[in-house]
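Heads up, the thing below is written out as structure tokens.
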Amino acid sequence: MALPVSVNATTSAMFDKEHATGERKEFSPYVNRNFPTNVYFGDTHLHTSLSMDAGTFGNRLGLDDAYRFTKGEQVTASKGYKAKLGRPLDWVVVADHSDGMGFFDMFANGDPIMMAKEEGRRWNKAINEGGQASVDAALEIITMFSQGQLPWKTNDPELMKPVWSNVINAADRYNEPGKFTAFIGYEWTSLVKGNNLHRVVIYKDGASEARQTLPFTLGDSADPEDLWKAMQAYEDKTGGDLLAIPHNGNLANGIMFDVETLSGKPITKEYAEERQRWERLYEATQIKGDGEAHPLLSPDDEFADYETWDLGNLDLSQTKQDSMLAGEYARSGLKRGLEFEQKLGVNPYKFGMIGSTDSHTSLPAVEENNFFGKHSGVEPEPGRAMHVVLGGEGGKIMGYDMASSGYAAAWATDNTREAIFDAMLRRETYATTGSRMVVRFFGGWDFQAADAQSRLPADIGYRKGVPMGGDLPASPKGKSPTFLVAAMKDPMSGNLDRIQIIKGWVDGNGKARERVFDVAVSDGREIDRLGRSKAPVGNTVDIANATWTNTIGDPELITVWTDPEFDPNQKAFYYARVIEIPTPRWTAYEAKRFNIKLPKDVKMTTQERAYTSPIWYSPAS
15 MALPVSVNAT
25 TSAMFDKEHA
35 TGERKEFSPY
45 VNRNFPTNVY
55 FGDTHLHTSL
65 SMDAGTFGNR
75 LGLDDAYRFT
85 KGEQVTASKG
95 YKAKLGRPLD
105 WVVVADHSDG
115 MGFFDMFANG
125 DPIMMAKEEG
135 RRWNKAINEG
145 GQASVDAALE
155 IITMFSQGQL
165 PWKTNDPELM
175 KPVWSNVINA
185 ADRYNEPGKF
195 TAFIGYEWTS
205 LVKGNNLHRV
215 VIYKDGASEA
225 RQTLPFTLGD
235 SADPEDLWKA
245 MQAYEDKTGG
255 DLLAIPHNGN
265 LANGIMFDVE
275 TLSGKPITKE
285 YAEERQRWER
295 LYEATQIKGD
305 GEAHPLLSPD
315 DEFADYETWD
325 LGNLDLSQTK
335 QDSMLAGEYA
345 RSGLKRGLEF
355 EQKLGVNPYK
365 FGMIGSTDSH
375 TSLPAVEENN
385 FFGKHSGVEP
395 EPGRAMHVVL
405 GGEGGKIMGY
415 DMASSGYAAA
425 WATDNTREAI
435 FDAMLRRETY
445 ATTGSRMVVR
455 FFGGWDFQAA
465 DAQSRLPADI
475 GYRKGVPMGG
485 DLPASPKGKS
495 PTFLVAAMKD
505 PMSGNLDRIQ
515 IIKGWVDGNG
525 KARERVFDVA
535 VSDGREIDRL
545 GRSKAPVGNT
555 VDIANATWTN
565 TIGDPELITV
575 WTDPEFDPNQ
585 KAFYYARVIE
595 IPTPRWTAYE
605 AKRFNIKLPK
615 DVKMTTQERA
625 YTSPIWYSPA
635 S
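This is the structure we're talking about:
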């Protein structure tokens, strides 16, 4: 039986016009989309036994194990536990240290080159003996390396070539365009008197390009400017593409976002242009602490003190001074970037946000209930929370201080090297502390409250504005910028507490300032006239049983927000921070599983979060 059909006159006329002109409006809202529709979660910073520090601390898992685990397969961790991700990752960069890459495996396996020297024979015996002998050998190797006293050059081409070839081959072997992306990469380990300036270098390219040069090393130079020169030389030689991602400014003792270059020279326009070209992203969260904000720098931000490591530099050889903090954290780095742009016309610290693990276990496992730790010495066992992870003049970092963090989220057209690399270049990325919440953030001049009612916010976002990582066009006279921000919970994690927008700007005196705005909050709580909701979301965590309930918070939040304090003459940036309700921290799961008691000051709950890349505004010149 035919059903009655009713078509109004306007609709009928539209169909007639489309038929006559051939300009048919498609029925499906998903047809002819040309913007990134998928978010892919990955890790840009994973170490295997090829990294000397990973191997010396007990990692016995190589490249194949790392890739298999990341893709969702089950492996056996170095200390014997079976290990598997709750959900596979979409992409990864195995980023072993370039200095001494593969050395530990050579020591352990009795490589003839290593066995030719007394130290190599002695370390081979101790490592294979195991126990305290192996630990003592590991400490000796690390000490000699840090002091530049190893009897082998850590950048010897003859030692590097076969190892680098294996790294390249493994990445190409596990790379499956459309299904799983394995990038070629390495970590350049710049260490200046214990101060961290490390970068992960990522290749867009495959084996044919990557094989033409060797990784840059600390043995070559500790200066990032020399790294950029080497990256330029690679691109000139191969026609390929590289980017570098700095990390752990919280362990740099002030020099990650410094007011001068490493060589002590003033930051120039040329320096700013080079840094902005090569360093499009910053790793704002990982196992060695969170690097978004610090409570002393942001005293009005009650969420700034999250997984804070601020005792000293990377090896705790130098105690942290308060004056160093502004050169270490992402938010303060972004603010300094605006100040430099005011002077130079170019922003040296214009970076997007990602998170990654920096795991040295070959296992990017940072789910709170599945955390395998920083290195194999602190893989799961009853006493690992009380192990000393780092110790020195600056104090001690204990096992329980490790943060189970984080991942990199990239909005891309498909799961390929090309598409994800391009997303990183666009800075259309965000950092998560491990949760896989889905976050969209757009800025423009014409978003309306009704846009937040759409179930297809990206359609509106790309049509009316720019995505995270972009630049707002010039301000139309009399208008303030508007932002469309949306977040959906990770189905395996907690509900959402709130969405915040953090604004940084340069005032009339050339000084960078900041402000935190709550723009969407759960459970019907109110946002006051100052743009804040001070009422906490609550806490359902049962610490003793390491459980929680999603009876508070919301599964999704979406809103349109207009900057109430906009000055068209002031440079500014805006980024979104999404915060979950409290859930059990890895330490709570550990206490439950092993039936142990941890000190009262050990954190047992967490509020997972995401940080989007900023959107920048500059006045018309």
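Numbering (the working numbering), first residue to last: 15 to 635. All residues carry an ideal CB built from backbone N, CA and C; glycine is no exception. All of these numbers come straight from a predicted model, not from anything done at the bench.
- When the beta-carbon positions are compared, V108 and T62 come within less than 9 Å of each other.
- Our two residues, P280 and F354, have alpha carbons roughly 11 Å apart in a direct line.
- At least 9 Å separates the beta-carbon of R441 from that of G479.
- A Cβ-Cβ contact shorter than 9 Å links G268 with M338.
- DSSP links F197 through a beta bridge to V107.
- Counting of Cβ neighbours within 10 angstroms places D219 among the buried residues, the total reaching 16 or more.
- Fewer than three beta-carbon pairs drawn from the stretch 505-515 and the stretch 462-479 are found closer than 8 Å, and the two stretches are therefore not classed as touching.
- For the pair A340 and M412, the Cα-to-Cα distance works out to about 25 Å.
- For R477, there is no enclosing beta strand (DSSP E); the residue is found in the alpha helix (DSSP H) stretching over 471-478.
- Within the model, the alpha-carbon separation for T58 versus P487 is close to 31 Å.
- Taking C-beta atoms under 8 Å as the contact rule, R599 and T620 qualify, at a distance of about 4 Å.
- Your pair T282 and P50 does not check out as a contact, with CB atoms roughly 35 Å apart and the cut at 8 Å.
- One Cα belongs to T252, the other to G192, and the distance between them is close to 25 Å.
- Inter-residue distance for G538 and L571 is about 11 Å (C-alpha atoms, whole angstroms).
- In chain order, Y54, G56, D104, W105, V106, N189, N429, T430, R431, I434 place their CB closer than 8 Å to the CB of T195, counting only its own chain and leaving out the 5 sequence neighbours on each side.
- In this structure, the CA atom of A424 is about 14 Å from the CA atom of G448.
- Boundaries of the beta strand (DSSP E) around R454: 452-458.
- The residues W459, in chain order, have a CB closer than 6 Å to that of P490 in the same chain once the five nearest residues on each side in sequence are set aside.
- In the three-state reduction of the DSSP assignment, G538 falls in the coil class, being assigned neither a helical nor a strand state.
- The C-alpha of G397 lies about 10 Å from the C-alpha of A605.
- Distances from the CA of V206 to each of G162, V177, I566, P582 were compared; the closest alpha carbon is that of G162.
- In the three-state scheme derived from DSSP, where H, G and I count as helix and E and B as strand, M120 is classed as helix.
- Beta-bridge annotation (DSSP): Y421 is paired with T446.
- In this model, I216 and F587 are separated by some 26 Å (Cα to Cα).
- The Cβ-Cβ distance between V530 and R546 falls below 9 Å.
- In this structure G114 is in contact with T168, their Cβ atoms being roughly 4 Å apart against a cut-off of 8 Å.
- Secondary structure of P176 (DSSP, three-state): helix.
- Between W630 and K364, the C-beta spacing is below 9 Å.
- In this chain, the alpha helix (DSSP H) harbouring E132 covers 132-143.
- Under the 10 Å beta carbon count, K334 is surrounded by 16 or more other beta carbons and is classified as buried.
- A distance below 9 Å separates the beta carbons of N264 and G303.
- Looking at the backbone, the Cα of L612 and that of V402 are separated by about 14 Å.
- Here G72 has S92, S390, G391 as same chain residues with Cβ atoms under 6 Å from its own Cβ, once five neighbours each way along the sequence are excluded.
- If the five residues before and after Q356 are omitted, its C-beta is found closer than 6 Å to the C-beta atoms of V520, G524, all from its own chain and listed in chain order.
- The alpha carbon of A80 has as its nearest neighbour, out of T70, L64, H212, the alpha carbon of L64.
- Per DSSP, K606 is one residue of the alpha helix (DSSP H) stretching across 600-608.
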